[in-house]
Amino acid sequence: MSAVLEKVISQVRRIDVVTLLQELIQIPSPTGEEGAVQALVQKRFADAGLEVEAFEANLEELREHPAFSAPRFSLEKGYAGRPNVLGRMRGAGGGRSLLLFCHADTVPPGPRNAWTRDPLGGEIENNRLYGRGAGDAKSGLAIMIACAQAIKGAEVRLRGDLTLLSTIEEEEGGGGGMLACVLRGLNADGAVYTHMKPGGFGGVDVGSGGDVSFRITVPGQAGHKGSSHLFVNAIEKAEKIHAALRELDAQRGAMVREPLVEKRFELSGLQPRTVNLVVTMIRAGVSIGQLPAECVLEGVAGVAPRESLEEVQKLVENHVARTAEADPWLREHPPRYEWTERRAHPCLTDSEHPFVRTALSVAERVTGRPSQLQALNGTTDMRFPILYGDTPTIMFGGNCPRGHIPDEFTHLDELQLSVDALLNLVLEWCGVA
Numbered sequence: 070m071s072a073v074l075e076k077v078i079s080q081v082r083r084i085d086v087v088t089l090l091q092e093l094i095q096i097p098s099p100t101g102e103e104g105a106v107q108a109l110v111q112k113r114f115a116d117a118g119l120e121v122e123a124f125e126a127n128l129e130e131l132r133e134h135p136a137f138s139a140p141r142f143s144l145e146k147g148y149a150g151r152p153n154v155l156g157r158m159r160g161a162g163g164g165r166s167l168l169l170f171c172h173a174d175t176v177p178p179g180p181r182n183a184w185t186r187d188p189l190g191g192e193i194e195n196n197r198l199y200g201r202g203a204g205d206a207k208s209g210l211a212i213m214i215a216c217a218q219a220i221k222g223a224e225v226r227l228r229g230d231l232t233l234l235s236t237i238e239e240e241e242g243g244g245g246g247m248l249a250c251v252l253r254g255l256n257a258d259g260a261v262y263t264h265m266k267p268g269g270f271g272g273v274d275v276g277s278g279g280d281v282s283f284r285i286t287v288p289g290q291a292g293h294k295g296s297s298h299l300f301v302n303a304i305e306k307a308e309k310i311h312a313a314l315r316e317l318d319a320q321r322g323a324m325v326r327e328p329l330v331e332k333r334f335e336l337s338g339l340q341p342r343t344v345n346l347v348v349t350m351i352r353a354g355v356s357i358g359q360l361p362a363e364c365v366l367e368g369v370a371g372v373a374p375r376e377s378l379e380e381v382q383k384l385v386e387n388h389v390a391r392t393a394e395a396d397p398w399l400r401e402h403p404p405r406y407e408w409t410e411r412r413a414h415p416c417l418t419d420s421e422h423p424f425v426r427t428a429l430s431v432a433e434r435v436t437g438r439p440s441q442l443q444a445l446n447g448t449t450d451m452r453f454p455i456l457y458g459d460t461p462t463i464m465f466g467g468n469c470p471r472g473h474i475p476d477e478f479t480h481l482d483e484l485q486l487s488v489d490a491l492l493n494l495v496l497e498w499c500g501v502a
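What follows is the structure, given as structure tokens:
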């Protein structure tokens, strides 16, 4: 095994993973516009000797699934021209199968003047490669492609099947991406979300939290601004509901504690917090001269890895109802709450599963440093293979600051370390013929 590993590692040194990542960054792919970058992924999968398949999700088949959520444009237009791309390297037999996956879509770059570099340039300075997707998560695509290219170049035959997958729509729920793939029957003996992350190989993530979006409409009484004392200002009533939600957020932040999540924050040097409940949008009024008839609060309630969406929804509903009951107007005109399009269930892989223990061992061996088991408090595509594909799934990648920010970047040495670690895991888990 050591001779084979040396051969493959030697081969990967000849592969330019940096140029791979630059190519991916230079093709814009905000959610909903993944087609062009997925065409490049198809080509690179084929270059690596993989059997390539591209397919578009079927909206009508997905709509009724309890885990399906998608942005409005996907619900209106479907998935034409936005394929998921899969590449297979068939094994010789007798080994364990492995799925490597990451997403091709990104959040938009945002205002250009917030960046000091071209967000689509892939510029390099001081061992950093900059651009939208450098961390979240085109680096994960480049890493898995480099691994497949190295295995092909070294002429190594794995025993187990190796599958690479580039998905769409992760940033907006993953319904037309990873969920659609899993529902087509995609599974494996183990799966790796190749996403780089804060803390890197100091932790192997075995799960993630969930969340659910809400809309609360608080009624008021429309009237002329000059007679506001005779009417009911919906904004003022909504302030009470907003305050109640902040109170519930503080209570849950103190009481809901998941050690796996807190370990992840501590590794990154950040204040730990397992769940958040936050209002992110407030809308009211049609004219400056008129009191609004209603005020709408929208936001997201976080769900811990061992909680259910349903119990958190009930907590929010009951808290809002108690607040309304204490106000004479709201008691007679109760707020309407809706659970809107975003629904992401929490998930956890068994920490004692052999795949998890193998990954932990590989991380420690490759880096020469301790590694811990941990989980994210946010949502990830990991939930789909864990919950619906019966596949033990981890996030396994090098250190990278948070994505979704101006001047997003990845460290070049961590990018290469990620390739090396993933190659080690692939060879050990799948076996060599």
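Numbering (our numbering), first residue to last: 70 to 502.
All C-beta atoms in this analysis are idealised placements derived from N, C-alpha and C, irrespective of residue type, glycine included.
Buried or exposed: residue i, going by 16 or more other Cβ atoms within 10 Å of its Cβ?
i    : result
M213 : buried
R201 : buried
D450 : buried
E238 : buried
E380 : exposed
T185 : exposed
A312 : exposed
L349 : It should be pointed out that residue 349 corresponds to Thr in this sequence rather than to Leu. When all chains shown are included, T349 counts as exposed.
I357 : exposed
E376 : buried
If you compare alpha carbons, which of the options is closest to residue i?
i    : options                : result
R151 : R113, G244, L233       : G244
V77  : C499, L314, E401, D489 : D489
D419 : E122, S277, L198, A105 : S277
L492 : V261, T343, S143       : V261
A353 : F334, V287, A370       : V287
L445 : G269, E316, G147       : G269
Q503 : L255, I84, P178        : No statement about residue 503 is possible, as the shown extent of the chain runs from 70 to 502 and does not include it.
V385 : E407, L399, E401, P99  : E407
A368 : L486, G472, Q91, V281  : The amino acid at residue 368 is misidentified as Ala; the sequence shows Gly. Of the candidates L486, G472, Q91, V281, the one whose C-alpha sits nearest the C-alpha of G368 is V281.
List the residues that DSSP assigns as beta-bridge partners of residue i.
i    : result
A353 : C364
N468 : K266
P288 : E363
N345 : None, per the DSSP bridge assignment.
A123 : V154
P99  : T175
V261 : L169, I463
L227 : V501
D280 : G371, A413
E194 : R197
H293 : Q359
E407 : R284
T236 : H172
G272 : Q441
F478 : Y199
Does the beta-carbon distance from residue i to residue j come in below 8 Å?
i    : j    : result
W498 : G259 : yes
P361 : A291 : yes
T448 : R284 : no
L481 : V87  : yes
S440 : G204 : no
G279 : L442 : no
P403 : V251 : no
G229 : L167 : yes
H414 : P461 : no
H134 : L248 : yes
Quiz item: Looking at C-beta atoms only, is the number of pairs between the segment 323-332 and the segment 291-308 that lie closer than 8 Å three or more?
Solution: Between the segment 323-332 and the segment 291-308 there are fewer than three inter-stretch CB-CB distances shorter than 8 Å, so the stretches are not counted as touching.
Quiz item: On the three-pair Cβ rule with 8 Å, is the segment 315-322 touching the segment 262-282?
Solution: At 8 Å Cβ cutoff, the stretches do not touch.
Practice problem: Count the CB pairs spanning the segment 151-164 and the segment 219-235 that are closer than 8 Å, and state whether there are at least three. | Solution: The segment 151-164 is in contact with the segment 219-235.
Quiz item: With a cut-off of 8 Å, do at least 3 Cβ pairs link the segment 102-111 to the segment 165-174?
Solution: Enough Cβ pairs lie closer than 8 Å, so yes.
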